[in-house]
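Notes follow the structure.
2 protein chains.
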Amino acid sequence: MERQHEPVRSAEELGSPLFVSCEESDSPQQEECTMLKKSDNYLPVPGEEKNVDVDFKTMDRDNESIPMKNLYADNGSALHPELPYFSDGRRRVDYVLAYHIEKPSSLRRQSSRFSNSNFIRRLRRSLSMRSSRAPLQPKEDPEIAAQEQRTDYHEDDKRFRREEFEENLLEMGLELEKDEGSKIPGIGFLKIHAPWNVLCREAEFMKLKMPTKKVYDVKQGSNLVEKIRLFIHKVTAPLHPKVDAYKPQTVKSLSHPFSREKQHLFDLSDRDKFFDSKNRSSIVYEILKRTRCTRAKYSMGITSLLANGVYSSAYPLHDGDVEGENAEPNDRKLLCEEWASYSVFYKYQPIGLIRKYFGEKIGLYFAWLGVYTQMLIPAAIVGVIVFLYGCATVDDNIPSMEICDPRNNITVCPLCDHACSYWKLVEACGTARASHLFDNPATVFFSIFMALWAVLFMEHWKRRQMRLNYLWDLTGFGEEEEDHNRAEYEFRVMQKTMKQEQSIPKEEKVKLTCTDRLPAYLTTLAMMGFMIAVTFVIVFGVILYRISIKAALHISTYPAARSNIRATVKTTAAIINLIIIIILDEVYAALARWLTTLEVPKTDKSFEERLIFKTFILKFVNAFTPIVYLAFFRGRLVGRPGNYLYVMGSYRMEECAHAGCLMELCIQLCITMLGKQLIQNNLFEIGIPKVKKLLRKRKSDIDSKQEEEMNKTMHRHEKDHFLGPFVGLSPEYMEMIIQFGMVTLFVASFPLAPLFALLNNIIEIRLDAKKFVTELRRPIAAKAKDIGIWYNLLRGLSKVAVIVNAFVISFTSDFIPRLVYQYTYSPDGTMHGFVNHTLSYFNVSDFQPGTDPLQPMHLGYKVEICRYKDYREPPWSSTPYELSKEFWVILAARLAFVIVFQNVVMLMSDFVDWLIPDIPKDISLQIHKEKILMVELFMKEEQGKRFAVRDNPSQDNYTTPSPANQSPPQPRSRPVSHANCY
Amino acid sequence: MERQHEPVRSAEELGSPLFVSCEESDSPQQEECTMLKKSDNYLPVPGEEKNVDVDFKTMDRDNESIPMKNLYADNGSALHPELPYFSDGRRRVDYVLAYHIEKPSSLRRQSSRFSNSNFIRRLRRSLSMRSSRAPLQPKEDPEIAAQEQRTDYHEDDKRFRREEFEENLLEMGLELEKDEGSKIPGIGFLKIHAPWNVLCREAEFMKLKMPTKKVYDVKQGSNLVEKIRLFIHKVTAPLHPKVDAYKPQTVKSLSHPFSREKQHLFDLSDRDKFFDSKNRSSIVYEILKRTRCTRAKYSMGITSLLANGVYSSAYPLHDGDVEGENAEPNDRKLLCEEWASYSVFYKYQPIGLIRKYFGEKIGLYFAWLGVYTQMLIPAAIVGVIVFLYGCATVDDNIPSMEICDPRNNITVCPLCDHACSYWKLVEACGTARASHLFDNPATVFFSIFMALWAVLFMEHWKRRQMRLNYLWDLTGFGEEEEDHNRAEYEFRVMQKTMKQEQSIPKEEKVKLTCTDRLPAYLTTLAMMGFMIAVTFVIVFGVILYRISIKAALHISTYPAARSNIRATVKTTAAIINLIIIIILDEVYAALARWLTTLEVPKTDKSFEERLIFKTFILKFVNAFTPIVYLAFFRGRLVGRPGNYLYVMGSYRMEECAHAGCLMELCIQLCITMLGKQLIQNNLFEIGIPKVKKLLRKRKSDIDSKQEEEMNKTMHRHEKDHFLGPFVGLSPEYMEMIIQFGMVTLFVASFPLAPLFALLNNIIEIRLDAKKFVTELRRPIAAKAKDIGIWYNLLRGLSKVAVIVNAFVISFTSDFIPRLVYQYTYSPDGTMHGFVNHTLSYFNVSDFQPGTDPLQPMHLGYKVEICRYKDYREPPWSSTPYELSKEFWVILAARLAFVIVFQNVVMLMSDFVDWLIPDIPKDISLQIHKEKILMVELFMKEEQGKRFAVRDNPSQDNYTTPSPANQSPPQPRSRPVSHANCY
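Protein chains in written order, with my numbering: chain L, 11 to 992; chain B, 11 to 992.
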């Protein structure tokens, strides 16, 4: 990137004779291309590699006009193999296609080849393994698919296809170089370079917005605002990454879709840098997508070629090495230092640079992750305060004081049949106190806060996204439809076409209809239903485990076991749940993938959407079923003493601890969140790769040495070939969405969730960054205006969160009963007597035969009336054990609270949404300003043209050559540069 | 439009020498323009009119190159004054600015002038009156404003400004013609024509998408689908308007933003028709907006000039006359016949033609109105069925049978204090039966249906909008920000600038801050609060009226009055409510307007948004307060016998009839809807204008004759000047939104609402159409992709509708109590005994002193226990008159129903929303196809260029002239046409 040091001469300076450029000299190249095609003299045999190179080189010489030669004057970079250039050291490699080659039989030394390729395969797999922790991959690893299907096609067939494809690429104006004698045996590389005229043409087609020469001052608001901004910037200076793009900018250059006719607008003085490596590779990819092999039975695009193993992989190149002595500064290295490192965890991310290197889509992901993490900070702080408030007020809490007061001599009915006996309410003192930590009025406030927080987060993100759109010149960019058919789809269509060739007239285009997909849809439906059922069954299994273990422990007479009953059962159950969740997560991801493949979606976009949909449902059900059970069902389906609900014969459904189920919900949430994050992040993403690396090193010391040796001399494209392929952002997003669900859905029961999420995300950002910078091949820079479907999922979640929190507060916590008691039943307006009020009376003579306790005298006296937690009529009323009026009053209050909470929070959310404009004021002002400047620029141009014509009325620019072309007046640059690019 | 009959010769045919065009011949014109400016020889005195005309004509001759002359060969249209051309009969008038002129004193015959201008003013006002029924006007009538401010500026001052402005317009390349000796004394007209090169330039700036020569087959789906489509089209043929655009099209031409460099893509053979009148006028308007007078104290754009009376009005011209002998076919006439006529009420609207004539924004309004009306058809049908179901089942309804059964000898407590006495439940038989019509299980189904209907309507509209966007080539068009400052804003800013000139450095741009607007905001807040309070007070007043009249009637001993009590009170109260609503509607609209003006919003868009917001709130509160009172408060704040709630001293709050308030709600809704629509539509929109016309005719027979005489000889721009100005679509939308609210919000109580709305809208469409076609000046064609803020309002309403309907069903109707009774309390699972169950017992000895009935023996026996409708404990319970357990059970059931209903319907809505893709499948396919075709076209072009170069390798197109330019090979058309447009 920094190779060119000679003073740059602009197009105007150089004058037109130098810039007659490609078009005139095009025909010799064309002829040579045609000749080349016909003679087929570049068979992909490594021995002939030199020959091909020479061919390409001469072609290149002819093609490049004089100024290009000037620009490429210092030819030193050919000495650095790690720099991404053709072997002439001039033309940049913009894209690489790799393919398997059969070695000529003379060179086939079976043993060595196998050991070699084995090593390679192992190396590749271990490297790619690090990145495939989350098995949700929107695109399949093309190499695996290739290996599977390799037997389908003969090597010759593949070679012919490659040849046709390469011819077509040449036809499109790309320049190619083959490298079949690389350091990696069995792999050939096709290096692709896009020359200037192709870049121009494609940039015009793609309407790439490029910065023009026209710059303008960015408006900085009024003086005071500006001062505050500067002050804040100074204060937060240590938090900024040391990246140029992060400095506050006072000028911005107008952007305009690139057009060869408007070339004079752009600063083309340095053609090498005008299109950066990201743009170049996406331009080449655009051409690759459009190019097709048509000579074979059915036409194949690049995706089909990759899927069929004609090419094994396709990727653009990284900018340079991350570490090592050849420490030429490059964007990748900068990213590695200022972003992909744990030591800078406290800093902002260099989003501009990320976008510059990886493109808008990945830039948006990290920007989103950053905004999310940033927004978690206030949530975590408030969460901690709420938790601390709970801790501080635990001693002032009248209900738990009453429970812990031994003077309240309340006898409670046994918790299980037969084995258990009556117990004193004082025994529940500990859990009652602990419950208060999470079940206090502050949690109500906190869940309202978090509902608004979620809305604010969405709004903040929308504005940030808009700002980034403006900064990245995406305003006015319409979302491109992914129009590329998937290879599997094309294959199926081909099959169908063959089958129907007789019956259906030819002009009708064959496509897959619903009928074709019906079996797949049915399978999907059945499997999804089955999997959800499996989740339910497993959760139920864990419940049974808990019940049976509890009963068993109760029966056992060993006192130590008995005392630890609750703790043991809770912990083991939660851990079992956690392990099952993690295992099923992986299973479900694979399953969703398989089901989606069955459906044969048409495009990658559709594939991704269907996959995300399935994965989301399965993972969500998986993660939240145990939690939902705890929150809403546990303790509710118990029945009442004398009429308990039994499952599986004789197991009584489990009850909650006296102070409600909130405590257990909280423990479950805590273990799930912490455990999942710890295991997934640390074990899967950090631990396993490290262990594998260690093992590999120990096993083969020689290999490792060989590796290092190779590393030094390897070309860039060879090094990148060892990296894992980029598999899309879906797994990363999915992980975050599930986390977002944890943070918002049950936040009423676990105010520390945001804190845990925050801690996790700080690591997550750098972990992902490391992966993208060092462990994956460079992804194609994809344009994106927004985060797409994920935004909708977030919105959906935050809506569901409101209603879930409403139910948690009103039904799981004791908030409403306490409120109702205090304002309706309490004799003195305080909470005194609340515990007594919540307990109903039961006459022990009403126990069903066989369910009364074995040891009725356990407490030392004969129990006649025991108490249980419910609102029912006492045994002496006219309707004993019926639900009492209090029950209905409290139920009405609970339901009313749900309605009020849901609608008030929704109204507030909508209000906040409406109040905050989606486009930040300053951005909309600047967009407007840019538009005006653009019109002004064009109007000036028009007038310049008019005056120019008026000045030389006799001169006709378009039909006669004139000396004016050599030294045009200022506004006349247009026709000159016009001839530049053909 | 249809003037040109000679065979059209395309640009290619004519060859390049003919198309050297404007640029070369530009300079003479320029010089003449400059000369013109300097000599100032076109003083706006009518006597010199001819002179000016000649000037312009010669200019025109010079300007137009040879082919233009050919195109305009037949000069016959100069004879038709009604056609919109300059006096040379060639150049089309694209826009007209009108202004007031002082007559030279020699001509000033005071009396005649006054009578004349009086007539004119009367005529103008009566014509504009017809269109100003709804006082919500987004833009003020500039002429009224002009008259107000006229005293501010001297005539001379205005003239100088006009001159500067006109010079600037000439500078921009527009061509002008003055007409100060028109048929309308005191008014001068400036006719504006945009020549071809200006049109091209501006079309390029505005990125106008124009159809290219490239056409393609519209894909028609598979054979079967296509056949069905054709069949449907054939069946519905009588419903289609007889308009060309409505025929099914098999080909569509690709559109591309117009660009002079890509001229060869477009079919420019008929320059006159390439830009239609709509495009031409919006291009001129674009230039007008950009042009500013800067010489005066502060720079003024066209809006300021209009507001200050420098110009009195600005409008584009209609295409031709609607009726009359000079029956040249034109779009306006076609619209009038096939759209703006009651006789075609059953037909589809010719949306394409509407858009072609009025632009996208108005096209979208009518398309929306059409979709809404169409969607009302199924809703109306289902509504009628639900109503009929109610009618059919009224005899099987057990509760009303029980009430009507005289054997159930139930004595009910008196309905008012003292005057009223005990009564038999049988007396409520009539209302109970009537109530069943609207209070039956079918209404629950209907309100779920209508909630989904609303969602489906929104979805259907989104898809239709998308389809129209595609058909109208709006895909990819980004919504333009309205960037034009309002005149009032600029005036305020100027004032502020003057005040602060000393204190603030000059480079800082002055703008209105919140501080400047604070008083206005506070006024707004206070006034809005006050107005809402006024609405509440009025509703309360009507309640008091009802209570007092009822009491008075009860006291009166006249038996006839007594028997009609209920009917009289209900009807008069509802009519009073209706009248108040209609009056307040007008008051509020004016008020909202005034408040918004106080706030001095910056742009028209912001003005409109603020105005809509205020008007919506006020009108909504106004329309729905009485209804909300009836639905949710009436009969709830009554108290109980012995402890009634009293307001204003001694008035007891009114109770509902025995069978619930639903009946009264229904009557109120019915009267409001019918009355409002009848009065607003028929009286305000049809009746009053007709009466006025009649009165005018009778008063001045001569004037009317004179009018007819003038009508014949008047020019197009003079005729249009008599029409009312276009005041925006907001009033039309607002009316429909309020109606939508009526249809969805309380649909549970009034299933016939959709039917009424449907009938109203069928008239409304044609009424609005008539207004736009015949009574208003032609509006500027505004581009719009969607209906903007109205969509959000609709969405908001349909969300609110869900919760309101949930409450109406569960609280206003008896649905839930019946359900609870049937499944919980009923001894035999039927409704028998329900009536008895809903009535509580009251011991008459517990009446508060002075409230017991005057005539306790009215029924002929001594009453000891009377019954009242509530769930309370009987007098003999331990807690007499407390709310009973049943009350709480039913309350809980009601609340639960609200939660379930709201969430289920919301979920279903979201599901439907998600299920139906926003972009119809075929449209997205075609958009995709168009993209591919576009790329193919360009690639072919590129290759053509390359081959052309290869064919003549020695020839350089850009530097040497060659004979190839005269007869270029096919793909070489580009450089030729390239020279076309400068």
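Glycine included, C-beta positions come from ideal geometry on N, C-alpha and C.
Please read all numbers here as calculations on a predicted model, not as lab measurements.
Backbone secondary structure at residue i - three-state DSSP
i                      : result
residue 414 of chain L : helix
residue 481 of chain L : helix
residue 104 of chain B : coil
residue 243 of chain L : helix
residue 310 of chain B : strand
residue 221 of chain B : strand
residue 887 of chain L : coil
residue 252 of chain L : coil
residue 621 of chain L : helix
Local Cβ density within 10 Å of residue i, reported as buried at 16 or more and exposed below that
i                      : result
residue 631 of chain L : buried
residue 543 of chain B : exposed
residue 531 of chain B : exposed
residue 805 of chain L : exposed
residue 62 of chain B  : Any answer about residue 62 of chain B is weak, because its pLDDT of 36 lies below 50 and its placement is not dependable; what the coordinates show is given next. Looking at its Cβ environment, which holds 16 or more other Cβ atoms inside 10 Å, residue 62 of chain B is buried.
Opposing strand residues paired with residue i [DSSP bridges]
i                      : result
residue 881 of chain L : Residue 881 of chain L is not bridged to any residue.
residue 859 of chain B : According to DSSP, which records beta bridges pairwise, residue 859 of chain B is partnered with nothing at all.
residue 227 of chain L : L/261
residue 666 of chain L : DSSP, once it has assigned bridges, lists no residue as partnering residue 666 of chain L.
residue 657 of chain B : B/661
Range of the contiguous beta strand (DSSP E) that encloses residue i
i                      : result
residue 264 of chain B : 261-267
residue 216 of chain L : Element bounds for residue 216 of chain L: n/a, residue is neither H nor E.
residue 853 of chain L : 849-853
residue 187 of chain B : 185-189
First and last residue of the uninterrupted alpha helix (DSSP H) at residue i
i                      : result
residue 446 of chain L : 439-448
residue 731 of chain B : 726-732
residue 345 of chain L : 341-348
residue 373 of chain B : 370-403
residue 758 of chain L : Neither: residue 758 of chain L is in no alpha helix (DSSP H) and is coded neither H nor E.
| message | What are the residues in the stretch 207-226 of chain B lying within 7 Å of chain L by C-beta distance? | response | 211 and 215
| task | Note down, in chain order, all residues in the stretch 261-291 of chain L with a beta-carbon under 7 Å from any beta-carbon belonging to chain B. | result | 271
| request: Anything in the stretch 891-918 of chain B with a Cβ closer than 7 Å to a Cβ of chain L? List those residues in chain order, please. | output: 895, 898, 899, 901, 902, 905, 906, 908, 909 and 913
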